[in-house]
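Chemist: My questions will all concern the structure given below.
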Amino acid sequence: MSTPNGFPQHSRVCLTRSMEGGAVQDLQAKKAGKAAKKEAGSDGAPPKIGTPISETLKLLPEELKANMKIKSITPRPPRKPRLERAASLDEKSWRKWRRFRTSQESLTDPNETSSSNGSLQEASPSPPTKGRASPCNPCCPQDSLHSSPDALEASPGGKSRGGASDLGKRASEISSAFGGLLRGKGGKPRLSQIMPARPLPPMELNVASHSLRTANRIDTDCLDYRHYSQHKFGRVSSSLSDSRLQGNGTLYDSCSTDSMKSTFSVLTPIRAKDVRSRSYLEGSLLASGALMGAEELSRYFPNRSMGIFVATWNMQGQKELPANLDDFLLPTDPDFAQDMYVIGVQEGCPDRREWEIRLQETLGPHYVLLHSAAHGVLYMSVFIRRDLIWFCSEVEYATVTTRIVSQIKTKGALGISFTFFGTSFLFITSHFTSGDSKVNERKLDYNKTIQALTLPKNVPDTNPYRSSSSDVTTRFDEVFWFGDFNFRLNKDRETVDSILNQNPDTDVSKLLVYDQLTSEMSRGSIFKGFQEADIHFRPSYKFDIGKDSYDTTSKQRTPSYTDRVVFRSRYKDDIQAVKYSSCPVIKTSDHRPVFALFRVKVRPGRDNIPLAAGLFDRDLYLIGIRRRATRELLKRREQKDQRSSSICSIS
1 MSTPNGFPQH SRVCLTRSME GGAVQDLQAK KAGKAAKKEA GSDGAPPKIG
51 TPISETLKLL PEELKANMKI KSITPRPPRK PRLERAASLD EKSWRKWRRF
101 RTSQESLTDP NETSSSNGSL QEASPSPPTK GRASPCNPCC PQDSLHSSPD
151 ALEASPGGKS RGGASDLGKR ASEISSAFGG LLRGKGGKPR LSQIMPARPL
201 PPMELNVASH SLRTANRIDT DCLDYRHYSQ HKFGRVSSSL SDSRLQGNGT
251 LYDSCSTDSM KSTFSVLTPI RAKDVRSRSY LEGSLLASGA LMGAEELSRY
301 FPNRSMGIFV ATWNMQGQKE LPANLDDFLL PTDPDFAQDM YVIGVQEGCP
351 DRREWEIRLQ ETLGPHYVLL HSAAHGVLYM SVFIRRDLIW FCSEVEYATV
401 TTRIVSQIKT KGALGISFTF FGTSFLFITS HFTSGDSKVN ERKLDYNKTI
451 QALTLPKNVP DTNPYRSSSS DVTTRFDEVF WFGDFNFRLN KDRETVDSIL
501 NQNPDTDVSK LLVYDQLTSE MSRGSIFKGF QEADIHFRPS YKFDIGKDSY
551 DTTSKQRTPS YTDRVVFRSR YKDDIQAVKY SSCPVIKTSD HRPVFALFRV
601 KVRPGRDNIP LAAGLFDRDL YLIGIRRRAT RELLKRREQK DQRSSSICSI
651 S
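Quick note: the sequence shown, position 582, residue 582 per UniProt numbering, numbers continuous.
The structure is reproduced here in C-alpha cells:
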C-alpha cells in the first residue's frame, strides 16, 4: 500500500535540513560516492547526489514503478482576493493585542502548547498515522520535510542501502546536536542571556516627585521618634504610619510611601492599626496624632519657625484711607508673604470696620481675621493664614488707660494674647505721652502698662515658673510691643536737618546718638529685656500731609523716631529680625507707617488648652474678597476702555 505521495508506507525516509554550509554537503557527497562504486553492478547505477526527485524516480526498479502512482499536478489560476470589510480602530487594536499576547504566551508557556515559532521549540513526536511518513529517528524534527533531496535513498523491500543509511544517521546526529544547543534542561528552548556592554547606572531608591512630597520631618527634641536617613531634597518622613510600614517584614522604601501619599492626597495616610491603638500620652506633645503635637507641627513648619509681620501707624484720625496698601503690607523685598500679620493703629480713622475691610482686601483670600480689638482710637488686627487657624487657642485681650482725665481714650495700651501650637504670643500696641521733654511720663506709661495688663486669663501659661505677677511681658514666650512711643531726638531742628541733608541715603547712625529711647533702653529704665533691630530708615515723624518734607509750620517740630517696634523672648534666639523699615509711599498722615519682619521659633504643645476651633470673622472675609474681585474687574474694564478709545487732533 502506498501513500498519496507515491512512496511505500514501510520505507523509512529521513529528511534533514542542510546545515553547516558546504561542510555537510561535502561529507554527504563523499560517502554517497563510495557507496555508489561498491554497488555499481548489482542493481544498476545509483542516483547522484543532488539530483532532483523526478530523476531519482526514473532510476528506480520497474517493480517499484508499478506499485507507485505519481499524481500529476495541474496548475491552478490564483484565487481572487476576498473582499473584507474595513476593520475599525478598536478591532485593529484588539488584533494587535491578541498577536502580541500570543507571542508572549509562546515564550512563557510551561507546557509548550501554544508556540508560534517552531524553530525555537522541539516538536513532540507524534505516532505514525496512515498516509503520512513517520520520522526515522525520534529526535528528528518534523521540519526536516523541507530538507534537500540529496539525503533521500530508498530500496525495494523496505531495505535501505548502506550509504544512504549511514548518511541519514550522520545527518540525524548533527540535527540532534544542533537542536540541543537551543534546548536547555528539561527540553525547554532557551536563548543565551544578553549581557550589557557596560554596568548599568545605579537607580535612585526614592523616585517620587519632589513637588508631591509632604513637609514631614523628624522632631529632634522627642526621643520616641525614629530618625531616618536624610534624602537628597532634605525632607525626612516623620509619620508614624510610615514607621509602621517600615517595621513590617515586607520590603520597604521611601518611594512606596511617597507614592501612596501622592495617590490619595497630600496628607499622610493613616493606618487603621494606628487609629485602634491606645496610649497614655494622648493629648501630650509626644502623642501620635495630637493636634498641637510635634508631628503636626513638623508637617506645617519643618524648620520650626514662622514668619510674622508687625506694623504700627499713627493715622492722625484721618478719614481718608490710602488708595493702595500693598506697599505697606506686602513689601517687595521679601519674596514670600508672612504667616501672620499684626497691625496696630494709633489715632485710628473713625470707621474702624472700613479699615479692617481694607486690610482683608489687601491680604486676599489666603488670610483671615483671627481677632481684632479696640481701645478708644487704638486698633489692633491679627490676620493669620487660614490653614493655621486650627492651631490657635482662644484669643484674649486687655486694655490699659494712661490718661484718666481725657474722655477720649487716645493714650493707653491694648494687648492681645493667644497660644499657637505650644508657643504663647503677646502683642501690645501703645500710645505714650507726647512732648519733647516728657521722658519720665512715658516711662510711667510703660510701667503702668506692664502691671495693669491682665493677661493671660483662661489660657494657661506655657512656663509659669519663669513668670512674674508684676510684669505681663514675662508671662509669654514671645512678646512684640509696637506703637507711637513719642520718644524724640534731643537735638534742635537745624542740627537734625543738616545731618539728614548730609546723609540722604540710609546712614542715620549720627541721629540715633540723640535718640531718647535708645539711651533709656541702654540704661535699663524702660523695656527691660527688649531688643530692637537696627534702624536704617529716616525719622517717621513729623511730615507735612501729602508731602515728603518734614514739618514746615511755625512749630517746626524736630523729626524723630517716634514709631517703634521692640521685642523680647523667653528663650534665647527665638526671635530673629529680618527687616525693619518704614513705608514712605503712604502720605495721608504726619507719621509714616513702620513695620518689621521676624522669624519666630515655634514649639509643640498640648491639646489641653482651650482652642478657638477655627473661628474667624467670616463676614469680613466675604466682604473683603468681594470688594477685591470688584475692584479688579473695574480696573480691567478701565484698561479696556483706554485701549479702545481714540483721540482725534486737528492741526
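Using N, Cα and C, we set each Cβ at its ideal position, and we do this for glycine too.
(1) Below 8 Å on the Cβ atoms is my guess for Ile428 versus Trp481; work out the distance and round it to an integer in Å.
(2) Suppose you measure from the CA of Asp477 to the CA of Tyr571; what does that come to, to the nearest Å?
(3) Measuring alpha carbon to alpha carbon, tell me which residue in Thr474, His536, Thr362 is nearest Thr454.
(4) According to the neighbour-count rule (16 or more other Cβ atoms, all chains shown, within 10 Å of its Cβ), is His431 buried or exposed?
(5) In the DSSP assignment, find the unbroken alpha helix (DSSP H) run with Tyr446 in it and report its ends.
(6) Could you check how far apart the C-beta atoms of Leu597 and Phe336 are, in whole angstroms? I think they sit under 8 Å.
(7) Considering only their Cβ atoms, is the gap separating Ile609 from Thr423 smaller than 9 Å?
(8) Does DSSP put Ala629 in a helix, in a strand, or in coil?
(9) Going by the beta-carbon positions, is the gap between Thr558 and Val496 smaller than 9 Å?
(10) When the Cβ atoms of the region 435-452 are set against those of the region 319-337, are three or more pairs found closer than 8 Å?
(11) What's the C-alpha gap between Ile357 and Arg618?
(12) Going straight from the alpha carbon of Gly624 to that of Ala612, what length do you get?
(13) Among Thr518, Cys583, Met521, which has the Cα closest to the Cα of Arg538?
(14) Measuring straight from C-alpha to C-alpha, what distance separates Leu369 and Pro350?
(15) Residues in the same chain with beta-carbon distance under 7 Å from Ser540, minus the five sequence neighbours each way, listed in chain order, please.
(16) Helix, strand or coil for Tyr514, going by three-state DSSP, please let me know.
(17) Buried or exposed, going by whether 16 or more other CB atoms sit within 10 Å of the CB of Met195?
(18) Where does Gly344 land, buried or exposed, given buried means 16+ other C-beta within 10 angstroms?
(19) If the criterion is Cβ atoms closer than 9 Å, does the pair Met340 and Pro604 meet it?
(20) Can you tell me which of the three DSSP states Phe543 falls into?
(21) Who are the Cβ neighbours of Gly546 in its own chain at under 8 Å, not counting the five residues just before and after it?
(22) In chain order, what are the residue ranges of uninterrupted alpha helix (DSSP H) at least 4 long that sit wholly in the region 332-401?
(23) Suppose contacts are defined by Cβ-Cβ distances below 9 Å. Is Glu296 in contact with Leu321 by that definition?
(24) I'd like to check one pair, Val472 with Gly415: are the Cβ atoms closer than 9 Å?
(25) How do the region 376-394 and the region 627-647 stand: do at least 3 beta-carbon pairs fall below 8 Å, yes or no?
(26) Ordered along the chain, which non-local residues of its own chain (more than five positions away) have a Cβ less than 7 Å from that of Pro456?
(27) Hey, how far is the Cα of Val600 from the Cα of Ile575?
(28) Could you please give the first and the last residue of the uninterrupted alpha helix (DSSP H) stretch that includes Lys273?
(29) Do you know how far the Cα of Phe425 is from the Cα of Thr402?
(30) Can you tell me which of Asn486, Tyr514, Lys510 puts its alpha carbon nearest to the alpha carbon of Thr312?
(31) Using 10 angstroms around the beta-carbon of Ala294, count the other beta-carbons present and answer buried if the total reaches 16, otherwise exposed.
(32) Confirm, please, whether the CB-CB distance from Lys542 to Tyr514 is below 9 Å.
(33) Would you report the Cα separation of Asp387 and Lys273, rounded to the nearest angstrom?
(34) Tell me the DSSP bridge mates of Met306?
(35) Could one say the Cβ of Gln531 lies closer than 9 Å to chain D's Cβ atoms, at least one of them?
(36) For my contact list, Pro334 and Lys555 are in at a C-beta cut-off of 8 Å; report their separation, rounded to the angstrom.
Modeler: In brief:
(1) 5 Å
(2) 7 Å
(3) Thr474
(4) buried
(5) 439-452
(6) About 10 Å separates the two Cβ atoms, so there is no contact after all.
(7) no
(8) helix
(9) yes
(10) no
(11) 11 Å
(12) 22 Å
(13) Cys583
(14) 20 Å
(15) Tyr561, Thr562, Asp563, Ser582, His591, Arg592, Val594
(16) For Tyr514, the secondary structure class from DSSP, reduced to helix, strand or coil, is coil.
(17) exposed
(18) buried
(19) no
(20) Phe543 falls in the strand class under three-state DSSP.
(21) A distance below 8 Å between beta-carbons, with the five flanking residues on each side excluded, links Gly546 to the following residues of its chain, in chain order: Lys587, Thr588.
(22) 352-363
(23) no
(24) In terms of Cβ geometry, Gly415 and Val472 form a close pair [threshold 9 Å].
(25) no
(26) Setting aside the 5 residues that flank it on each side, Pro456 is surrounded in the same chain by Glu396, Ser417, Arg475, each with a C-beta closer than 7 Å to its C-beta; the list follows chain order.
(27) If you draw a straight line from the Cα of Val600 to the Cα of Ile575, it is about 5 Å long.
(28) 272-276
(29) 23 Å
(30) Asn486
(31) Per the 10 Å Cβ criterion, buried.
(32) no
(33) 28 Å
(34) Val600
(35) The displayed structure is made up of one protein chain only, and chain D is not part of it.
(36) Wrong, their Cβ atoms sit about 38 Å apart, outside the cutoff.
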